[in-house]
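Each residue of the sequence shown is one higher than the one before, starting from 46 at the first, in this note's numbering.
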Amino acid sequence: ICPVDGTVVSGHGTMDESYLTGEPFQITKTSGSGVMSGAINGEAALTILVTKRAIDSRYAKIMEVMRESESKRPQLQRLGDQLGTFYTPLALVVAGGAWIVSGDPVRFLAVLVIATPCPLLIAIPVAIIGSISLCARRSIIVKSPVVLEQIAGCRTAIFDKTGTLTYGEPKLVEQKVAPGFGEDEVLSLVAGVERYSKHPLARAILSAAKEARLALPEASEVSEQPGKGLLGTVSGRHVQVTSRNKLDAHDSVLLPPVEGGLECVVLIDDVYAATLRFRDAPRAESRSFITHLGPKHQFQRVMIVSGDRESEVRYLAHQVGIGEIKSQKSPEEKLAIVRAETARAKTLYVGDGINDAPAMMAATVGMAIGQNSDVTTEAAGVVIMDNSLRKVDEFMHISRRMRSIALQSAVGGMVLSLGGMLFAASGHLSPVNGAISQEIIDVLAVLNALRAAFPPRVLADS
């Protein structure tokens, strides 16, 4: 991991900056290329000239924004506090009224004994702890228990793009084949030479060939010079994988128009054969997950806030069914957007990168997908250990069930206590009997709250 901002002075390789910028693809670094602190180096050795002090580097600036965000994190009222604001005054009014009307201070004592708010003090924490335990067994780590109470009230869902709604790595999505060549033929020949390459796109080509169940022919005379592409001989044919700016004018005429994502150009026997296009593909469950948020979880707005290019964000938004996007946003801009949205309605922010950490802290509920960064997991209230949106859905269901069980336990216990208070106020219940009755109510409330620790038959919508 690059510790400070700098410039490459020697070497040629690739670096992963997705957690900092939102760009899903590994970035090629050659002499003169800028490097940000926090970027993850690939397999090549790079010599970097430091251009900024550590305190002035990009990573340090993001950490500074995160600390500022933490100091202004929204204060959320706990469920027990909300219920207690009217229960305690009500108990005092009933107890005082019984004393005043009857003139008997024993009735005042009896009412207070049975009015102790144990269902609030015990049942709600038991339901929360039980739900945290259930989450842990489902690979969901709850760092801040208050998020279990708050997520049911969130009405705006904000998602990062790279690594959250997508896999965070390039996939072959299209082949534009020239006349006289077949898709399987081209892919087989290219994959045959790409298996000897360390280029970031090689894995995507090999995965596509495997999915198509193509046999990989043996390659020979393979070479990969920086900036010149990949060369090799496969089944007696000369294969070159390069970029469009390396082609001569004659071959350039055959090229399709430039579109979003990444691309490579294939020449077979020095003749233009195909253009392969790559994008950061959405997760298999992304579209079904996004479309069910409104009907099943009452989200009124769903949006993407990403540091990636607008064309890439818009492409993904169309794929998964999101209409509102904000692209090319820095961590500072993400933070401002989330704060503005949280001022309007409770927000859920789901991300995975260092650049998401400040925004996570500003949201009502911040959720980290995967374990890609210690900074991100520190900022989040919930950490999804598996890279799966299904686990996000499971957490929502566990939270909603926890809130329901906690309310049943607390409100049910308070209603029973209120009935006992009325009996005590009328003189039908002594302080000792009131204490016994209260213990019975507490046991019933706690037993009901313990149900939150056991999984229901259905934990997700899909």
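Cβ atoms here follow ideal geometry from the backbone N, Cα and C, with glycine treated the same way.
Remember, predicted model here, so these are calculated numbers, not experimental data.
Expected contact under 8 Å - CB spacing of residue i and residue j to nearest Å
i      : j      : result
Asp487 : Ile185 : Not confirmed; about 29 Å, so no contact.
Gly415 : Ala425 : Actually they are not in contact, since the Cβ atoms of Gly415 and Ala425 sit about 11 Å apart, beyond 8 Å.
Ala84  : Met60  : 5 Å
Ile169 : Ala390 : Incorrect: roughly 24 Å between the Cβ atoms, too far for contact.
Ser516 : Ser82  : Outside the displayed span of the chain (46 to 507) sits residue 516, for which this structure offers no information.
Ile250 : Leu276 : With a Cβ gap of about 15 Å, Ile250 and Leu276 do not count as contacting.
Pro262 : Val279 : 5 Å
Glu214 : Pro327 : About 12 Å; that fails the 8 Å criterion.
Val428 : Ala413 : 5 Å
Leu246 : Cys180 : With a Cβ gap of about 38 Å, Leu246 and Cys180 do not count as contacting.
Ser242 : Glu269 : 6 Å
Asp506 : Lys341 : 5 Å
Gln195 : Ala319 : Going by Cβ atoms, the distance from Gln195 to Ala319 rounds to 51 Å, so no, they are not a contact pair.
Residue range of the alpha helix (DSSP H) that includes residue i
i      : result
Phe468 : 434-470
Arg182 : 169-182
Thr387 : 376-389
Ile486 : 476-494
Thr422 : 419-424
Leu193 : 191-195
Segment limits, beta strand (DSSP E) that includes residue i
i      : result
Val231 : From DSSP, Val231 is part of no beta strand (DSSP E) but of the alpha helix (DSSP H) over 228-239.
Cys309 : 307-313
Val218 : 211-222
Leu300 : Looking at the DSSP string, Leu300 is not in any beta strand (DSSP E), and its letter there is neither H nor E.
Leu393 : 392-396
8 Å Cβ cutoff, residue i in contact with chain D
i     : result
Gly51 : Note that chain D does not occur in the displayed structure, where there is just one protein chain.
Under the three-state DSSP convention, the category residue i falls into
i      : result
His337 : helix
Met60  : strand
Ile370 : strand
Asp401 : helix
Thr409 : coil
Ile46  : coil
Val503 : coil
Ala498 : helix
Leu65  : helix
DSSP beta-bridge partners of residue i
i      : result
Met430 : Answer is none; Met430 lacks a bridge partner.
Met348 : Ile203, Glu369
Val55  : According to the sequence shown, residue 55 is Ser rather than Val. Ser55 pairs with Thr92.
Arg324 : Lys216
Thr73  : Thr59
Gly79  : Thr52
Ala319 : Val222, Val311
Val187 : Val427
My parser needs the beta strand (DSSP E) runs of 3 or more residues fully inside the stretch 87-161; what are they?
92-95
**Message:** Please give the ranges of any beta strand (DSSP E) in the stretch 250-288, keeping only runs that are unbroken, at least 3 residues long and fully inside the region.
**Reply:** 264-270, 274-279, 282-287
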